[in-house]
Structures are given as structure tokens and as C-alpha cells.
Amino acid sequence: MLTYIIRRLLIGALTLFLITLIIYGLIRHMPGTPVTQMELADPGHVLSPENEAMLNKLYGLDKPWHQAYFTWLGNVFCGDLGDSFVQKKSVASIIASRIGPTLLLSVTSLTLTYFLAIPMGLFAVVNKGKFSERFLSVLLYVLYSVPGFVAGIGLLIIFYQNLGWLAPGLHDSGYENFSFWGKIGDTAKHMILPVICYSYASLAYLSRFVKANMEEVIRQDYIRTARAKGVSPRNIVLHHAFRNTLIPFVTLLGLSLPALLGGSIIIEQIFNWPGMGQEFFKSIAARDYPLIMGMTLLFSFLTLLGQLLADILYAVVDPRVKLD
Amino acid sequence: MKKSQKNKKNQVSSKPAAKYSENSSTGQSANGQSEKSSSQANAGTAVLERSRGYWAETWVRFRRRRLAMTALGYVILLSLVAIFSPMIAGTKPIICQYKGQIYFPCMGYFYPSWENPVFIHDDIVHAYPRRLKEADPESWAIFPLVYNDTTYRVRENDMPGRPENPYGTNGVPSLQNLCGTNAYGYDVFAMLVHGTRTALLVGFVSTGLAALIGITLGAFAGFFGGWIDIIISRMLEVVICVPTLIMILAFVAVIENPSIWHVMVIIGLTSWPKIARLMRGEFIKLKQSEYVAAARSLGASRFRIIFRHILPNALAPVLVPITFSIAASILLESSLSFLGIATSSSAISWGSILHNGHQNLAMWWLTLFPGILIFLTVLAYNLIGEALQEVTDPRQRGSR
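See the structure below:
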């Protein structure tokens, strides 16, 4: 087990190295540098050639990209992600300020999804073939195919444009002066739409997943035994079958780790939500190399960690699985 | 009911026989035997002369699924719309006679230079119906079903008697503009029809590329193992670990003025890992089977074993992720154009209409119609993929 983890960690480190190298190479070859993008954003602010050269030197843009990459890598090993070119703040502090709103959405939606998906999946198994099950399955299947951005704009048109009940963005203006309950109400008003967008597709996916797993388990011998003993169908589903469907669930939880912190570029863009995804999108447009690299590193690291956790947890939950 | 069940069982048993007959000559007699037994069991129903091949068998099973067939019909309809898009909506005549010559100006929608430069030279392009007559009273032309353009606003009397297109929030759907107009007065219906071309092209080109890369790499990794496997698996992991959108954003940003073809290639380059992974698994499994050992003992080269013996048998399961990947790449392309990245005026995309819809929430038709189209297309490919999965998965074949 320990050797397995160590080996996986080493491989993961190699993968991280390759990913960051490739992304760094790519972004350094994008047309435009942070300096030229700044001039584009503010046409009145044209730099003299000397100043431009000075800025290039300051940002390390005068060096070839592989050299700059290893400088960046060295700094990362010392725990320094560097400073954003555009925002003049450290990358770590920018990520820290953006991670809150993203977590607010993703944790809410993840909890909601799991709490709804499991009963829905079980309901589908118990009522297999009945009208209600068919209806639910079709509905979930249709939902699964609705693209997030279509649903997002649709919801905005209905609830913001026409009804005016809910709003995009993080807060209303004057949020600081609201009472405690006012703050909670305001947050809910802004959160509801993105949370729905975040959740519906994974809800559809998860409940289908639960259902498929249950159907697999229900064919096993021990279920037949339980049925032969005269256990009620309800008890079979809850006590005999469902517990055994939890194993693949653990994997899924591990794999959802990157989405938890990474947010979603599209949803945050639609609802103007100041989270990780939106920040990443902006940083690419601004050619803010350190910020792009810091976030790419975080996303890739979380993906790898999630995969490792999923594999380890799998072995923990299911004693038949041996890692070697 | 009982009979049909028997029939199904029979098909299952005849399938490996069909497989063997493709790959070894000794399988021929075994095949004949199974046919005999199947025709006995099938007495009363159809007597099979020769057992169907694997693909035919899959098709027969697929055809029974009404929903999947509807989805397939929808995709075919969409392809027809894509092929005939310039004849459905546009302002360029399908065919016209001008100064004694026959022209097909509508081809300019496929590729700008296919429209004869004489029309640009004589300044006819932006109002064919009126200016053709002005320049040559003898001329005649057949116009598309819907006279509207994707890249400019039709003005009053461009076509004699036709009022100009409304624009902005006035552009509500009407008989003249079936799906409304956008902020500048371009017709949304025409954009949707021409956007079909982009959507389908993206689906096929990028998935074709992904399938090519995925199948080749997966096959080599699974067949050869060892160092080749390690290197390919590492590559696979690198591509999987970077969130797709981030990878694509980085790639797209590298290219100056990315066209739709660039986007297709980039989507293809980032979506092969799933196919490769499945292919690798299939190859690891199949390379240990008897018919591969038989082929090897007959002296077949490794190249021949990979492409002639294993690949045809590994292709069916890989069709499933390929179908899903078509849906995913259409979705990806429309989300890219929705985000406002990589949109070029030459290729109209459903996603870019949605982008306008997001900016003008009051113009609901900019969201509703492309949204429904993207949704239906993705749903159709998902349904086909799902049906393929059930049809080609041997574990599920017996049930239902």
C-alpha cells in the first residue's frame, strides 16, 4: 500500500511537471504579452520603448521561455507562486479571495446533488417499470443533455429579466449595510440560479449512476438469498443492496474534487460570479502568466490528488481490492 | 414472447461464430454447424442462410430501438439541412442567368470564392433580386426558400416589395423573420440554418481526428505494452488532468485569428484520451485471445495482427465513446463561441447567437432557438450513443 502510494506520488509529480511545462510553453507563445495587453486595455497608456524593456525585464519576459519556466518552478518549490502582473498582488492572495465564492457554489450544489440523487436513484429502482419511474428517467435524461449555458441564460431571462426575483453577480450594491438576515437573503437571491445550473446535470448523471449500480447489485446472489429468506423489498434495497452501491460512489467523490475548487468558467461567466473560473478566464485574456500558471497548477494538482484519493478510498472501502 | 427470447439467444450464440469466420479459415465448419442448429431452433421463423456479420447484427438490434432511430433520423435531417443550407436560407440565387451565362452564386456560402467575382465587380452581391434586373433585364434567378442573410441586414426593396428587417428588440419572430433578428437586423433563422454546417462539421472533424489519434495510440499501447505503453499512458494522463476548457483556451489563445478549422483541430487534439483508454483495454484483452494466437502461429506480422485481426473486433465498443464525443465536441464548440472565443465571421455558430442572447437578455429568441437546437443535437447523439452501448455490450444483450 505504502509503496503504491509513493509510486503514484512520483508519477503524479512527473505528470504535474509535464503539464506545467506544456502550459507554460503554450502561454508564452500566445500572441501578445502582459505589457501589450495592458496597452490594449488602456490606449492612453502607451509605454516608451525603454519603459517597455524595463517592464519586460522586471517580468522576466526578456528570457527564453524554458529558462523562465525553471525560474518559476524554483519559486514554486520555495512556496512562492509569484505576483500577478496585472493586479499587483500575489497569486496566492488572488486565489484565496476567489476560492470562497466558488466553494460557496460548489459545496452547496454537491451536497444538494448527493442528497437528491441517492433517493431518486433508489426510487427508480424500487418503482422500475412504473409510470412515475419512466417519467423521472426521461426527465433526468433530457436534463442531462441541456447545455449549462443554455439553461443559464434561459434562467436569467425568466427570473432576472422578466420576473426580477433573482439576480446575477455576488451581492447587491450596499451589501455591507444589510442586516444579518438581509445578507443571507441577498446571498440566496444571487446564489440560487448558479447553484441550479451547477447541480441539474450532475444530479441527472448521479441518479442514473445510482440506478445503474443498484441494478447491477440486485442481480447478485446474496440479494436472491435475502429475497428467499423473505426480507421485504424495501429492506433489501436499503440494507442489502444500497450499501454495496456505495463503493463506486467513493470514486466519484474523489473525481469531483477538482470541480469543487476549480469552479466552472462558463457558469461563472454567465452569472458574473467572481470565482476561480472567471478569474482564470480573465487571466488568459490579460496574458497574466503567473496567475494562469498558479491556477493551472492548482487545477492539475487537484485532479491528480482526486484520482489518487479515489483509488486509495476504493481499496479502503472494498477489502477485495488490493493496490500494488 | 417465448419465441422472441429464443430468437435473441440464438443471435448471441451466432455472434462469436461470425467473428471466427472472419479471422480463421478453420472457423468455417463450426460456423456452418451453428447455423444448422440455429435454423433448427428457429423452425417456423426465418431460416438463416448465412449468419449475419457482427455489424449487421448490431444494426438489426439498433433498429429495434425507436428512440434511437428517431435520433438517427434527426441527425440525418440535420445533415441534409447542412448540405442544402444555401438553398434553404440566403440572399444569393441558387441558380441564375446573367448576361447569357448560368451561375450558381449560392455556392459562395460554402466558400466565398466560389461566388463568381463578376457579381462583386458589378456590385450586385448585396441585393441580387433588384440589381440583377437593373444590370441585365434579360436575367432570371431562382432564390432560396427564405430570402434572408446571415451577415447583413436585408434592406427595403432589396427584393422588390419586401420591407426591411427590423433590428434590436423590434426583431421579434415573424413570418418574414421566422426566428427573429439579432441586434443588427441579421436573420436568426438563416444563421441557425447555416450554423448547422458548423455544428455538424465540428462534430465529425474533431471527433474523427480524436478517433484517429485515440485508436492508433490506444492500439499501440495495448498491443505492445512495455515502454510504448508507459509513454502513451503518461501522455494520456497529462491530457486528462488539465481541465478540457483550460487546455483549449490555452491552445486557442496561441493562434492568432483562429478559424473554425483551428478550433476543430484543437478540440480533436484534446478529446482523444477516452477513446485511447478504451482501445488500450480492448487490445490488452483481445491480444490474448485464441484467434490472435492462431494468426501469430500462422506467421502474420504484428502490423497485420493489429489492423486486420484485433482492430475490427475492438471497434464496436469504441463506437460508443466516439458517438458521445461528437456530442461533446459540438457542445464544446458552442461553449467556446458562447464565451466569445474563436468566433470568426466566416463560420456562423449556434454558440455565437447565444453569446448575443446573453448580451441582450430582452431578446429571448436569440437564446431560445439556438438553445433548443444545441439541446436536441446533443440529446440525439447521446441517445444514439446510449443505444449503441446497450446494443454492443454483451452483458446487456441477453436482458430486455
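Note that the protein sequences, when read in sequence, are chains A and B.
Here the first sequence stands for residues 1 to 324, where the numbers follow my numbering.
Here the second sequence stands for residues 1001 to 1400, where the numbers follow my numbering.
For every residue, glycine included, the Cβ atom is placed at its ideal position computed from N, Cα and C.
It should be emphasised that the depicted structure is a prediction, and the values quoted were computed from it without experimental measurement.
Item	Value
DSSP state of residue 1140 of chain B mapped onto helix, strand, coil	strand
Proximity test, Cβ basis, 8 Å: residue 1179 of chain B and chain A	no
Spatial neighbours of residue 17 of chain A in its chain, beta-carbon cut-off 6 Å, leaving aside the 5 residues before and after	none
Interface flag, residue 263 of chain A vs chain B, CB-CB below 8 Å	no
Collapsed DSSP secondary structure at residue 247 of chain A in the structure displayed	helix
Secondary structure of residue 1347 of chain B, DSSP reduced to three states	coil
Close-in-space but distant-in-sequence residues of the same chain around residue 6 of chain A (CB under 6 Å, 5 per side omitted)	none
Between the CA atoms of residue 1362 of chain B and residue 167 of chain A - distance to the nearest angstrom	15 Å
Nearest-angstrom beta carbon gap, residue 277 of chain A and residue 292 of chain A [assumed within contact, 8 Å]	Their Cβ separation, rounded to whole angstroms, is 13 Å, which puts residue 292 of chain A and residue 277 of chain A out of contact at 8 Å.
Contact between the region 118 to 126 of chain A and the region 183 to 195 of chain A (3+ Cβ pairs under 8 Å)	no
Beta-carbon proximity check, residue 1350 of chain B vs residue 1180 of chain B, cutoff 8 Å	no
Test: residue 1364 of chain B CB closer than 8 Å to a CB of chain A	yes
Pair within 8 Å by beta-carbon distance, residue 275 of chain A and residue 101 of chain A	yes
Inter-residue spacing [alpha-carbon to alpha-carbon] between residue 290 of chain A and residue 284 of chain A	10 Å
Cβ of residue 1371 of chain B within 8 Å of any chain A Cβ	yes
Range of the contiguous beta strand (DSSP E) that encloses residue 1098 of chain B	1095 to 1098
Residue 1184 of chain B - DSSP class collapsed to helix/strand/coil	coil
Contact set between the region 286 to 308 of chain A and chain B, restricted to residues whose Cβ is under 7 Å from the partner	296, 299, 300, 303 and 304
Classification of residue 288 of chain A by the beta-carbon crowding that lies within 10 angstroms, buried from 16 upward	buried
9 Å Cβ cut-off: residues of chain B touching residue 142 of chain A	1375 and 1379
Validate contact between the region 197 to 213 of chain A and the region 294 to 310 of chain A using beta carbons, cut 8 Å, 3 pairs	no
Reference residue 1144 of chain B, options B:1062, B:1093 and B:1109, closest by Cα	B:1093
Those residues which DSSP pairs with residue 90 of chain A across a bridge	A:83
Short CB-CB distance (under 8 Å) between residue 1243 of chain B and chain A	yes
Distance between residue 1192 of chain B and residue 1062 of chain B (C-alpha atoms, nearest Å)	30 Å
Residue from A:150, A:182, A:145 and A:190 with nearest C-alpha to residue 165 of chain A	A:190
Span separating the alpha-carbon of residue 1099 of chain B from that of residue 1355 of chain B	43 Å
Neighbour flag for residue 1238 of chain B against chain A, beta carbons, 8 Å	yes
For residue 1124 of chain B, three-class secondary structure by DSSP	coil
Same chain, Cβ closer than 6 Å to residue 1262 of chain B, five either side skipped, listed in chain order	1255
Residues that residue 1073 of chain B contacts on chain A, provided the C-beta gap is smaller than 8 Å	Under the 8 Å cutoff, chain A gives no residues; its nearest Cβ is about 17 Å from residue 1073 of chain B.
Check whether residue 1167 of chain B and residue 1152 of chain B have beta carbons under 8 Å apart	no
Residue-level contact to chain A via CB, residue 1292 of chain B, 8 Å cutoff	no
Neighbour flag for residue 1262 of chain B against chain A, beta carbons, 8 Å	no
For residue 1090 of chain B, the residue or residues it bridges with in DSSP	B:1147
Counterpart residues of residue 160 of chain A in DSSP-defined beta bridges	The partner list for residue 160 of chain A (beta bridge, DSSP) is empty, contrary to what the question assumes.
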